[in-house]
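Structure first, commentary second.
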Amino acid sequence: MATSLPPKEANLFKLIVKSYETKQYKKGIKAADAILKKFPDHGETLSMKGLTLNCMDRKSEAYELVRQGLKNDLKSHVCWHVFGLLYRSDREYREAIKCYRNALRIDPDNIEILRDLSLLQAQMRDLSGFVETRQQLLTLKPNHRLNWIGFSVAHHLNSNASKAVEILEAYEGTLENDYPPDNERGEHGEMILYKISLLEECGFLDKALEELRQNESKIVDKLAFKEQEVLLVVKLGHLEEAESLYRILLSMNPDDYSYYEGLQKCVGLYLEDGKYSADQIDQLVSLYETLGQQYKWSSAVKVTLFVVVIASH
1 MATSLPPKEA NLFKLIVKSY ETKQYKKGIK AADAILKKFP DHGETLSMKG LTLNCMDRKS
61 EAYELVRQGL KNDLKSHVCW HVFGLLYRSD REYREAIKCY RNALRIDPDN IEILRDLSLL
121 QAQMRDLSGF VETRQQLLTL KPNHRLNWIG FSVAHHLNSN ASKAVEILEA YEGTLENDYP
181 PDNERGEHGE MILYKISLLE ECGFLDKALE ELRQNESKIV DKLAFKEQEV LLVVKLGHLE
241 EAESLYRILL SMNPDDYSYY EGLQKCVGLY LEDGKYSADQ IDQLVSLYET LGQQYKWSSA
301 VKVTLFVVVI ASH
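FYI, the UniProt record's numbering numbers position 241 of the sequence shown as 241, with every residue one higher than the one before it.
Here you go:
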């Protein structure tokens, strides 16, 4: 970065980048002008000034400066990256990807550019390219959890859920027994829930339920844990157990309509068309009157009971 600049100007260039990242655009322009006063043809400074001007609604000037910067330094990964960022801001994603690829030809292991490229590949549904880029990021930074998750997500989006599971299992194999530390418990729990959903998608329902319960202590979001648990139990056909789980969920959040629907399905009192027999309506009224006594302040149970009563007339 900031090729061929003396120390003073090199520090000013770092200030341009920092000012851009912190949205102190006027400060960044001032630093860029100070460099350009001495080095008017410095490509990377011209490019960064253009990128900054773009954030100040001076788009035509921005493109002019970025193009001039690239013309002055075609072998700078910074100039190509900046041009890509400019295109991305205008939703010219294919052009942005071309610029990122040119930047990576010059600096193939640049983490920031690879990350930006991967985001656009996912957005443009270039899923094989997305997999390739996320693999490269993981290879460069294997100690970063997000790179493992990103690689797994890439395979998942590319219709390979089983490979996504393998990657997360490989990551788990790198962890110490006392992992995670307290400050990472939330994120680690979300990763476990994601892995469970992948196992479910692959049809490994028994394994998914077993792993979910084994990792209960590591999952911070207890509501999400119970929701995933009941989903698996229902799919396995254990409706009596699922009924108990739905009642637990209702005690945690009695205003979620989906829990009432799930409970009805477990006790055999749910029809898609709502055409219940007189006996079924009596059972539903009894069920919701009981639930209404338990959750007196729940609007969901009152509304559902009202609908059932209306259906009975």
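Ideal Cβ positions, reconstructed from N, Cα and C, are used throughout, including at glycine.
CB contact flag (residue i, residue j, <8 angstroms)
{"i": "Leu119", "j": "Trp148", "result": "no"}
{"i": "Ile111", "j": "Lys141", "result": "yes"}
{"i": "Leu193", "j": "Leu236", "result": "no"}
{"i": "Thr45", "j": "Ala32", "result": "yes"}
{"i": "Leu245", "j": "Lys226", "result": "yes"}
{"i": "Tyr270", "j": "Val301", "result": "no"}
{"i": "Lys218", "j": "His238", "result": "no"}
{"i": "Tyr63", "j": "Leu85", "result": "no"}
{"i": "residue 382", "j": "Ser76", "result": "In the structure as shown, the chain begins at 1 and stops at 313. Residue 382 is therefore absent and cannot be evaluated."}
{"i": "Gln121", "j": "Thr139", "result": "no"}
{"i": "Val82", "j": "Met48", "result": "yes"}
{"i": "Leu263", "j": "Val233", "result": "no"}
{"i": "Val165", "j": "Lys195", "result": "yes"}
{"i": "Met252", "j": "Leu223", "result": "yes"}
{"i": "Cys202", "j": "Ala170", "result": "no"}
{"i": "Leu137", "j": "Arg115", "result": "yes"}
{"i": "Tyr276", "j": "Leu284", "result": "yes"}
Nearest residue (CA-CA) to residue i, options the options
{"i": "Tyr295", "options": "Glu190, Leu249 and Arg91", "result": "Leu249"}
{"i": "Lys27", "options": "Leu53, Lys98, Gln280 and Lys37", "result": "Leu53"}
{"i": "Trp297", "options": "Ser286, Asp256 and Leu263", "result": "Asp256"}
{"i": "Gln135", "options": "Arg125, Phe151 and Glu166", "result": "Phe151"}
{"i": "Asp221", "options": "Glu184, Ala208 and Ser60", "result": "Glu184"}
{"i": "Arg58", "options": "Ile29, Gly268 and Val308", "result": "Ile29"}
{"i": "Ala242", "options": "Asp116, Cys202, Cys266 and Pro6", "result": "Cys266"}
{"i": "Ile35", "options": "Tyr20, Leu15 and Gln24", "result": "Leu15"}
{"i": "Glu211", "options": "Val307, Glu229, Asn177 and Pro254", "result": "Glu229"}
{"i": "Leu127", "options": "Asp116, Gln283, His156 and Gln24", "result": "His156"}
{"i": "Thr174", "options": "Arg88, Cys202, Thr304 and Arg145", "result": "Arg145"}
{"i": "Gln280", "options": "Val308, Asn215, Val303 and Thr304", "result": "Val308"}
{"i": "Glu176", "options": "Ala103, Ala278, Asp282 and Asn143", "result": "Asn143"}
{"i": "Tyr20", "options": "Arg88, Ser4 and Cys55", "result": "Cys55"}
{"i": "Phe39", "options": "Tyr25, Leu12 and Ser60", "result": "Leu12"}
{"i": "Gly274", "options": "Glu240, Ile310 and Tyr288", "result": "Ile310"}
{"i": "Ser60", "options": "Trp80, Asp73, Asp90 and Asp41", "result": "Asp90"}
{"i": "Val131", "options": "Asp182, Lys163 and Ile106", "result": "Lys163"}
{"i": "Cys99", "options": "Trp80, Ser299 and Lys8", "result": "Trp80"}
{"i": "Asp282", "options": "Ser299, Glu272, Leu305 and Gln293", "result": "Leu305"}
{"i": "Asp107", "options": "Pro181, Asp41, Val78 and Asn215", "result": "Val78"}
{"i": "Gln293", "options": "Pro254, Ala278 and Leu117", "result": "Pro254"}
{"i": "Asn158", "options": "Glu172, Pro180, Gly186 and Gly129", "result": "Gly129"}
{"i": "Pro180", "options": "Lys207, Asn215 and Glu200", "result": "Asn215"}
{"i": "Leu5", "options": "Lys37, Tyr25 and Arg213", "result": "Lys37"}
{"i": "Gly268", "options": "Glu289, Val17 and Glu240", "result": "Glu240"}
Output the residue ranges of the beta strand (DSSP E) runs that lie fully inside the segment 272-310 and measure 3 residues or longer, sorted by chain position.
-> none
Let me know the beta strand (DSSP E) ranges lying completely inside the segment 190-246, each 3 residues or longer, listed in chain order.
-> You should have found no qualifying run.
Counting Cβ pairs, one atom from each stretch, are 3 or more of them under 8 angstroms apart for the segment 64-75 and the segment 91-98?
-> no
Every unbroken alpha helix (DSSP H) within the segment 102-182, with a cutoff of 4 residues, ordered by chain | With a minimum length of 4 residues, the continuous alpha helix (DSSP H) runs that stay inside the segment 102-182 are 111-123, 127-140, 145-157 and 161-172.
If you scan the segment 21-91 from start to end, which runs of the alpha helix (DSSP H) of 4 or more residues do you find wholly inside it?
-> Secondary structure remark: continuous alpha helix (DSSP H) runs of at least 4 residues inside the segment 21-91, in chain order: 25-38, 43-54, 59-72 and 77-89.
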